[in-house]
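Chemist: Below is one structure. I have some questions about it.
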Amino acid sequence: MSDDCIFCSIVDGEIPARTVYETDDVLAFLDANPLARGHTLVIPKAHAERVGDLDADLARAVFDAVSELTPRVQDAVDADAANVGINDGEAAGQEVPHVHAHVVPRFEGDGGAPIHAVAGKRPDLSDEDLDAIAARISE
Ligand code: AMP
Ligand code: ZN
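Residue numbers (my numbering): 8 to 146.
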């Protein structure tokens, strides 16, 4: 629990939410300002700000919930597809500093965009640049 964290307050029942799924470690509820019908947030109950702050068990529990819930959410609103994503850090658009996966149902012709649309201007990278980046990540 983190003081002043809105999602910790939801976990503690201090702020109401439309809960759709709950385990010992994970909670999922409808987004209060939905991007689409059925927009759902999946969070670890324990406070963690960034994806990299989750321990392996909790990361697994969150993704287990995402994979179980995504088809259920789609079915509930008769969606054709869904985008699943996490804004990890302020520069990526994270506003609530408690890890949450968005499950956003998508409908044919809804005018939305794929996850590729979230980034800014595409970089112009040479093969050497790509090799160097891959090497640094895998170090
Ligand atoms: P992000 O920009 O990834 O941090 O997204 C935060 C999300 O939390 C937004 O989509 C908000 O609509 C949603 N949100 C904020 N407060 C609440 C709340 N009390 N209950 C449900 N969803 C919320
Ligand atoms: Zn929190």
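Where a beta carbon is used, it is the ideal one built from N, C-alpha and C, also for glycine.
1. Which residue wins for smallest C-alpha separation from residue 54, given the options 103, 123, 146, 128?
2. Looking at ligand 2, does it come within less than 7 angstroms of residue 14, judged from the CB to the closest heavy atom?
3. Relative to the alpha-carbon of residue 106, which residue among 49, 113, 40, 72 has its alpha-carbon at the smallest distance?
4. Check whether the Cβ of residue 133 lies closer than 7 angstroms to any heavy atom of ligand 2, and answer yes or no.
5. What's the C-alpha gap between residue 139 and residue 15?
6. Write down the C-beta distance between residue 42 and residue 111 rounded to the nearest angstrom, noting that I regard them as a contact closer than 8 angstroms.
7. Quick check on the DSSP output: the alpha helix (DSSP H) that includes residue 70 runs from which residue to which?
Modeler: In short, the structure shows the following:
1. 103
2. Yes; taking the cut-off as 7 angstroms, the Cβ of residue 14 has a heavy atom of ligand 2 nearer than that.
3. Cα-wise, what sits closest to residue 106 is 49.
4. no
5. 40 angstroms
6. 5 angstroms
7. 63-83
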